[in-house]
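Scroll down for the structure; my scribbles are underneath it.
There are 2 protein chains.
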Amino acid sequence: MTTIDALETPRLLVDEARMLRNVARMRAHVRALGVTLRPHVKTAKCMEAARPAMETPHGPITVSTLKEAEYFLAHGVTDILYAVGITPNKLDHVVDLRRRGARLAIVLDELEAAQLVAAKARAASDPLDALIEIDCDGHRAGVRPDAPELIDIGRALAAGGARLAGVMTHAGGSYDCRSTEAISAMAAQERDAVVRAATRLRAAGLQCPIVSVGSTPTATFATSLAGVTEVRAGVFVFFDLVMAGLGVCRVEDIALSVLTSVIGHQREKGWTIVDAGWMAMSRDRGTASQPVDQGYGLVCDTAGAPLDDLVMIAANQEHGIVAARPGATGAPPPLPVGTLLRVLPNHACATGAQFDRYHVLRGAEIAGVWPRLNGW
Amino acid sequence: MTTIDALETPRLLVDEARMLRNVARMRAHVRALGVTLRPHVKTAKCMEAARPAMETPHGPITVSTLKEAEYFLAHGVTDILYAVGITPNKLDHVVDLRRRGARLAIVLDELEAAQLVAAKARAASDPLDALIEIDCDGHRAGVRPDAPELIDIGRALAAGGARLAGVMTHAGGSYDCRSTEAISAMAAQERDAVVRAATRLRAAGLQCPIVSVGSTPTATFATSLAGVTEVRAGVFVFFDLVMAGLGVCRVEDIALSVLTSVIGHQREKGWTIVDAGWMAMSRDRGTASQPVDQGYGLVCDTAGAPLDDLVMIAANQEHGIVAARPGATGAPPPLPVGTLLRVLPNHACATGAQFDRYHVLRGAEIAGVWPRLNGW
Chain A
1 MTTIDALETP RLLVDEARML RNVARMRAHV RALGVTLRPH VKTAKCMEAA
51 RPAMETPHGP ITVSTLKEAE YFLAHGVTDI LYAVGITPNK LDHVVDLRRR
101 GARLAIVLDE LEAAQLVAAK ARAASDPLDA LIEIDCDGHR AGVRPDAPEL
151 IDIGRALAAG GARLAGVMTH AGGSYDCRST EAISAMAAQE RDAVVRAATR
201 LRAAGLQCPI VSVGSTPTAT FATSLAGVTE VRAGVFVFFD LVMAGLGVCR
251 VEDIALSVLT SVIGHQREKG WTIVDAGWMA MSRDRGTASQ PVDQGYGLVC
301 DTAGAPLDDL VMIAANQEHG IVAARPGATG APPPLPVGTL LRVLPNHACA
351 TGAQFDRYHV LRGAEIAGVW PRLNGW
Chain B
1001 MTTIDALETP RLLVDEARML RNVARMRAHV RALGVTLRPH VKTAKCMEAA
1051 RPAMETPHGP ITVSTLKEAE YFLAHGVTDI LYAVGITPNK LDHVVDLRRR
1101 GARLAIVLDE LEAAQLVAAK ARAASDPLDA LIEIDCDGHR AGVRPDAPEL
1151 IDIGRALAAG GARLAGVMTH AGGSYDCRST EAISAMAAQE RDAVVRAATR
1201 LRAAGLQCPI VSVGSTPTAT FATSLAGVTE VRAGVFVFFD LVMAGLGVCR
1251 VEDIALSVLT SVIGHQREKG WTIVDAGWMA MSRDRGTASQ PVDQGYGLVC
1301 DTAGAPLDDL VMIAANQEHG IVAARPGATG APPPLPVGTL LRVLPNHACA
1351 TGAQFDRYHV LRGAEIAGVW PRLNGW
């Protein structure tokens, strides 16, 4: 049996049992709400980790890059939504992916973009599927559900030979909520915005088959998705400290951790130096704005149990400084050079992207290695 | 001629002329100080970018991971310093790299680590070369130059069959300096600490051939390196906004940028949305603590000229929000969907690591593609 003692550090670990439990819970919840789960594979970027969350071997899935679309198409996934506003320099690639069998849909939120897509659809004789992105919370992209431009965009697509495949929104504002009640209210706001947009488009005589919402927090606390056809969510597969800080999961649900070794100490400062820095953890400090700041990560023993109040307080490229969090009482445990630790990340999407593979923990055993995708 | 218009976005660009100018300046400066340059390849992780900074095809170089050591050894580089405190789980790999021709030296700062290394040297019949890391500024790792333990560590190495190859330090505190005079003083402090440690080791009858200092700021503003044998520096190859904020370079010296496309707008907020988010820029916010906060990056036109006061004020995974910096006057330029922009990064080491290759700009031409290494 191979165990973590056989690994060089740092390494990225996935606790398989936790991951499968997280996925089963979300699938059951979304099924109970009567909608389709279109998992966002931008978190794991890995077929083995994405497959348990997928309803069929062919999808549907959501991707954040065309490189993800390429990878998942090569693994037999065909129903793919590329959920970042399209640019002209990607349209040839989109057409090519569709020629090779991907039912790839794209996203846009401006009349000008719709006209570019429509022109491409005509030139390529491909009725490109496009969703209009709706702004439900003022957080990022999207057209407001009541904006006059919404109808113009829909008409421009259809008139040009593209296909209005639906509407989608993402309640990024849910990450700033301070209670699960606030997240639940945000889920209703997300749903209302996109259903309102779909209603307006249909009233204008346009088709709008897909009505898509999503974020892990709103998906978790949604109580009704009437009028919605699908939910996109990604980070729920692994969860992370930001999600735990929001109350979306418990710390013991977090399936992703970075295995690291102690390389030294500054004992008079109470510091333990480890060989995972920001290159391994990422620079994400998502918990910095939450009630409990977890530094660059929460430090656990090799079994994955948090070592009380030990966090990574600072990070250089390949060095992390582990110390008791400010205000902690009690002496930290002795951690001699070579001691293995596991660090739970602030943000699974960011930490995962620092590695090219997962080492899969099944109990104490390294049961496999899953490659993951990065870049563009 | 291929130009950036042929690229899908986001892409990582290197301005070759700027890079070569940066490298030539640092090489001349270090040569004038009478010491060897051992460039830190952790920034570029790419043979093509590292080679101009190297004194010979065989090195010397500094690496931050054993994967970098593997890659550069495969490219003919043999004189390699792995500058992160060694862990027991890497010693077999170190011995293996040395058997395959690498003159690989390792680093440690504790008696316990020295004993582990000495035991390994004996067991493997390999006189492992180890440098003792010296703490010159209380910033991270290292033993204080006056600590009694310093001599014990040196003796433990030699007694066990390893080789005390020297001492090294890194003035990470130079990143917090607020003037070039303060950086110059930090360079003197860095030098004094490591020379003091070498003097003590030699007085105790131990060999100490290498006396190594380094950081790009202190290397740039060092005026005397008497007693030092080599300088390690990495980020000077590309430079970045943090270095510009410190006064170590000018904005127009920055050789690295992320090419991105406009995907939409929130016009009432003055936002332009682009397809480079934190996945492309990294989460590094190193300028946040400097007098001029550059957000997630400074926005330039396709020729690399800054667009006055436009910065990436916020970032999601694949979305960046570009807007005038707080307090800016004047209207931002119109940037229709599809407009190409180049964003200068806070931290070249962090942004580079988000990509697997560089597109090399020679004037307006994409003159080549350089692969780069990531992970462990």
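Going down the list, the protein sequences come from chains A and B.
Residue numbers are given in this note's numbering: position 276 of the first sequence equals residue 276, and the series is strictly consecutive.
Just add 1000 to wherever you are in the second sequence, counting from 1, and you've got this note's numbering.
Note that beta-carbon positions come from the ideal geometry of N, C-alpha and C, so glycine has one too.
A:His359 versus chain B: which residues are under 9 Å apart at the beta carbon?
On the first sequence, residue 359 of chain A is found 359 positions in, with the first residue counted as 1. Under the 9 Å cutoff, chain B gives no residues; its nearest Cβ is about 11 Å from A:His359.
Under 8 Å by Cβ, that's how I've got B:Ile1086 and B:Val1063 pegged, so tell me the actual separation to the nearest angstrom.
Position 86 of the second sequence, counted from the start, is the residue given in the question as residue 1086 of chain B. Position 63 of the second sequence, counted from the start, is the residue given in the question as residue 1063 of chain B. So it is not a contact: roughly 13 Å between Cβ atoms.
Taking the C-alpha atoms as reference points, what is the distance between A:Ala386 and A:Glu16?
The first residue shown for chain A is 1 and the last is 376, placing residue 386 of chain A beyond what the model contains.
Going by Cα to Cα distance, which pick from A:Asp309, A:Leu20, A:Met243 and A:Arg342 is closest to A:Ala328?
For this step, residue 328 of chain A is matched to residue 328 along the first sequence. Closest by alpha carbon: A:Asp309.
Taking just the CA atoms, how far does A:Leu150 sit from A:Leu201?
Residue 201 of chain A sits at position 201 when you count from the first residue of the first sequence. Residue 150 of chain A sits at position 150 when you count from the first residue of the first sequence. Cα-Cα distance, rounded: 8 Å.
Check whether the region 249-268 of chain A touches the region 334-349 of chain A, counting contact only when three or more Cβ pairs, one atom from each stretch, lie closer than 8 Å.
yes
Assigned secondary structure, A:Pro273 (DSSP; H/G/I helix, E/B strand, else coil):
Your numbering for residue 273 of chain A matches position 273 in the first sequence. Looking at the sequence itself, residue 273 of chain A is Ile, so the reference to Pro does not match. In the structure shown, A:Ile273 sits in a strand (DSSP, three-state: E or B).
Just checking: is the beta-carbon of B:Asp1126 within a distance shorter than 9 Å of some beta-carbon in chain A?
By one-based count along the second sequence, residue 1126 of chain B stands at place 126. Cβ-Cβ to chain A under 9 Å: no for B:Asp1126.
Only counting the same chain, and skipping five residues up and downstream in sequence, which positions put a Cβ closer than 8 Å to that of B:Ala1204?
Along the second sequence, read from residue 1 onward, the residue named residue 1204 of chain B stands at position 204. Hits under 8 Å: Ile1151, Gly1154 and Arg1155.
Cα separation between B:Pro1336 and B:Gly1264?
Residue numbering aside, residue 1336 of chain B sits at position 336 when the second sequence is read from its first letter. Residue numbering aside, residue 1264 of chain B sits at position 264 when the second sequence is read from its first letter. Approximately 8 Å between the Cα atoms of the pair.
Alpha helix (DSSP H) segment containing B:Ala1189, residue limits:
Position 189 of the second sequence holds residue 1189 of chain B. Note that residue 1189 of chain B is Gln in the sequence shown here, rather than Ala. Residues Thr1180 to Ala1203.
Within a Cβ cutoff of 7 Å, which residues of the same chain sit near B:Trp1376, ignoring the five residues on either side of it in sequence?
Within the second sequence, the letter at position 376 stands for residue 1376 of chain B. Within the same chain, and ignoring the five residues on either side of B:Trp1376 in sequence, the residues whose Cβ sits closer than 7 Å to its Cβ are Thr1065 and Lys1067.
Mind checking if A:Leu157 is an interface residue toward chain B, Cβ cutoff 9 Å exclusive?
For this step, residue 157 of chain A is matched to residue 157 along the first sequence. A:Leu157 does not count as touching chain B.
Taking Cβ-Cβ distances shorter than 7 Å, what residues in chain B pair up with A:Lys120?
Locating residue 120 of chain A in the first sequence gives position 120, counting from the first residue. Near A:Lys120 there are no residues of chain B at all, since even the closest Cβ is about 12 Å away, more than 7 Å.
May I have the straight-line CA-CA distance separating B:Leu1206 from A:Ala324, to the nearest angstrom?
Here residue 1206 of chain B refers to the residue found at position 206 when the second sequence is read from its first residue. Here residue 324 of chain A refers to the residue found at position 324 when the first sequence is read from its first residue. Whole-angstrom Cα-Cα distance: 37 Å.
Would B:Val1380 and B:Pro1217 qualify as a contact pair, given that the criterion is a beta-carbon distance under 9 Å?
With chain B represented from 1001 up to 1376, any question about residue 1380 of chain B goes unanswered, as that position is not in the structure.
Nearest by alpha-carbon distance to A:His93: which of A:Val84, A:Ala69, A:Leu116 and A:Gly76 is it?
Numbered from 1 along the first sequence, position 93 holds the residue referred to as residue 93 of chain A. Of the listed residues, the one whose Cα sits closest to A:His93 is A:Ala69.
Under a Cβ-count criterion, where at least 16 other Cβ atoms within 10 Å of its own Cβ denotes burial, should A:Leu133 be classed as buried or exposed?
Locating residue 133 of chain A in the first sequence gives position 133, where the first residue counts as 1. The identity of residue 133 of chain A in the sequence shown is Glu, whereas the question assumes Leu. Burial call: buried.
Do the region 1232-1249 of chain B and the region 1303-1322 of chain B meet, that is, are 3 or more Cβ pairs less than 8 Å apart?
no
From the DSSP secondary-structure annotation, give me the bridge partner or partners of B:Arg1155.
Locating residue 1155 of chain B in the second sequence gives position 155, where the first residue counts as 1. Paired residue(s): none; B:Arg1155 is not in a bridge.
Pop quiz: A:Ala171 and A:Cys136 are said to be a contact at Cβ under 8 Å. What is the actual Cβ separation, rounded to whole angstroms?
As a working note, residue 171 of chain A is residue 171 in the first sequence. As a working note, residue 136 of chain A is residue 136 in the first sequence. Right, the Cβ-Cβ distance comes to about 6 Å (below 8 Å), so this counts as a contact.
So, is the C-beta of A:Ile366 closer than 9 Å to a C-beta in chain B?
The residue labelled residue 366 of chain A in the question sits at position 366 within the first sequence. No, no contact with chain B.
Taking a cut of 7 Å between CB atoms, which residues from the region 1329-1349 of chain B lie near chain A?
Pro1336, Val1337, Gly1338 and Cys1349
Terminal residues of the beta strand (DSSP E) in which B:Thr1220 lies:
Within the second sequence, residue 1220 of chain B is the residue found at index 220, counting from 1. First-last for B:Thr1220: Thr1216 to Phe1221, but that is the alpha helix (DSSP H), not the beta strand (DSSP E).
Between the region 176-188 of chain A and the region 116-134 of chain A, do at least 3 Cβ pairs fall closer than 8 Å?
Contact check between the region 176-188 of chain A and the region 116-134 of chain A: fewer than three CB pairs, one atom from each, fall below 8 Å, which does not count as touching.
Contacting residues, own chain, Cβ-Cβ under 6 Å from B:Glu1230 (five flanking each side not counted):
Residue mapping note: residue 1230 of chain B aligns to position 230 of the second sequence, counting from 1. Taken in chain order, the residues that qualify are Val1035, Thr1036, Arg1038 and Ser1212.
Please look up how many angstroms separate the CB atoms of A:Val14 and A:Leu361, rounded, as I've assumed it's under 8 Å.
Numbered from its first residue, the first sequence carries residue 14 of chain A at position 14. Numbered from its first residue, the first sequence carries residue 361 of chain A at position 361. Right, the Cβ-Cβ distance comes to about 7 Å (below 8 Å), so this counts as a contact.
Exposed or buried, which one is A:Arg250 when buried takes at least 16 other CB atoms within 10 Å?
Counted from its first residue, the first sequence places residue 250 of chain A at position 250. Around the Cβ of A:Arg250, a 10 Å sphere holds fewer than 16 other Cβ atoms; the residue is exposed.
Under DSSP, the beta strand (DSSP E) around B:Ala1130 begins and ends at which residues?
For this step, residue 1130 of chain B is matched to residue 130 along the second sequence. Asp1129 to Ile1134 is the span of the beta strand (DSSP E), which, as asked, contains B:Ala1130.
For a contact defined as C-beta to C-beta under 7 Å, what are the partners of B:Trp1370 on chain A?
In the second sequence, the residue the question calls residue 1370 of chain B occupies position 370. Within chain A, no residue comes near B:Trp1370; the closest Cβ sits about 14 Å away, beyond 7 Å.
Just the chain B side, please: which residues come within less than 8 Å of A:Met186 by C-beta, in chain order?
Here residue 186 of chain A corresponds to residue number 186 of the first sequence, with the count starting at 1. Near A:Met186 there are no residues of chain B at all, since even the closest Cβ is about 16 Å away, more than 8 Å.
Give the range of the beta strand (DSSP E) segment to which B:Trp1370 is assigned.
The count along the second sequence starts at 1 and reaches residue 1370 of chain B at position 370. Counted as a single uninterrupted DSSP element, the beta strand (DSSP E) harbouring B:Trp1370 occupies residues Glu1365 to Pro1371.
Cα-Cα, which of A:Leu298, A:Lys42 and A:Arg283 is closest to A:Ile254?
Position 254 of the first sequence, counted from the first residue, corresponds to residue 254 of chain A. Here the closest residue by C-alpha is A:Leu298.
Please go through the same chain and pick out, in chain order, the residues whose beta-carbon is closer than 6 Å to the beta-carbon of A:Leu97, but skip the five residues on each side of it.
Taking the first sequence and counting its residues from 1, the one referred to as residue 97 of chain A is at position 97. Excluding positions up to five away in sequence, the list reads Ala69 and Leu104.
List the endpoints of the continuous alpha helix (DSSP H) containing A:His93.
The sequence position of residue 93 of chain A within the first sequence is 93, counting from 1. Note, A:His93: alpha helix (DSSP H), Leu91 to Arg99.
In angstroms with no decimal places, state the Cα-to-Cα distance between B:Ala1121 and B:Ala1102.
As a working note, residue 1121 of chain B is residue 121 in the second sequence. As a working note, residue 1102 of chain B is residue 102 in the second sequence. Spanning the two alpha carbons is a distance of roughly 15 Å.
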